[in-house]
Amino acid sequence: MKNMDSAFYSHRSFLCIDGPARLAGQDHSKVKVGFTCRDLNFLSELIAQIAKEPTCYWAKISSQPRDGMYFARCFFTTNQESGRIWAKYKSHPRLLAYLQDDEFASAFRNSVHSWKNETAAE
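Numbering (the working numbering), first residue to last: 11 to 132.
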């Protein structure tokens with residue numbers, strides 16, 4: 011990635027960046043903002059910019075694409091901040107923005123289907 015912000019660090023299969031809220035010892039919301047994009051340079055520059063928001067706790071980008079798509083997730087101090095950032099980027103022409111409620115989704119984690127050795131048509 012060109013011009014990768016030096017604040018990113020590697021953690022498992024992600025490139026991560028701490029936001030001001032984490033550095034200040036604040037908590038984060040269970041609702042996170044997710045992004046999907048095919049342009050890793052664009053996505054990394056966007057996440058580096060979003061990570062400077064005072065209410066940003068932490069952000070991560072997948073280091074490897076899935077079928078050409080990169081994923082990023084941003085954690086904020088409140089549900090309202092997550093919603094504000096989502097609304098700002100929801101209609102952006104170069105990416106998909108979504109909200110994920112970890113508290114709600116946790117009830118379904120054991121039901122996640124494995125697609126190993128399967129195609130989408132199956």
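Each residue gets a CB set at the ideal place from its N, CA and C atoms; glycine is no exception.
Would the beta-carbon of residue i fall within 7 Å of that of residue j?
i      : j      : result
Leu152 : Trp96  : Because the chain spans 11 through 132 in this model, residue 152 falls outside it and cannot be assessed.
Lys62  : Phe24  : no
Ala82  : Phe45  : yes
Thr65  : Ala117 : no
Phe86  : Ser39  : yes
Tyr67  : Gly35  : no
Expressed to the nearest angstrom, what Euclidean distance is found between the alpha-carbon atoms of residue i and residue j?
i     : j      : result
Ser20 : Cys26  : 6 Å
Cys84 : Lys42  : 6 Å
Asn13 : Asp77  : Unreliable placement is indicated for Asn13, whose pLDDT of 48 sits below 50; the coordinate value is still reported in the next sentence. Their Cα atoms are separated by approximately 24 Å.
Leu56 : Asp37  : 23 Å
Met11 : Arg94  : Only weak support exists for where Met11 lies, its pLDDT of 49 falling under 50; the coordinates are left without a value.
Gln59 : Ala107 : 15 Å
Answer with buried or exposed for residue i, where buried requires no fewer than 16 other C-beta atoms within 10 angstroms of its C-beta.
i      : result
Ser121 : exposed
In the DSSP output, which residue or residues are listed as bridge partners for residue i?
i      : result
Asp111 : Val41
> What beta strand (DSSP E) runs, 3 residues minimum, are completely inside the segment 18–89?
Replying inline: Every unbroken stretch of the beta strand (DSSP E) spanning 3 or more residues and falling wholly within the segment 18–89 is given here in chain order: 19–21, 24–28, 41–47, 66–72, 80–86.
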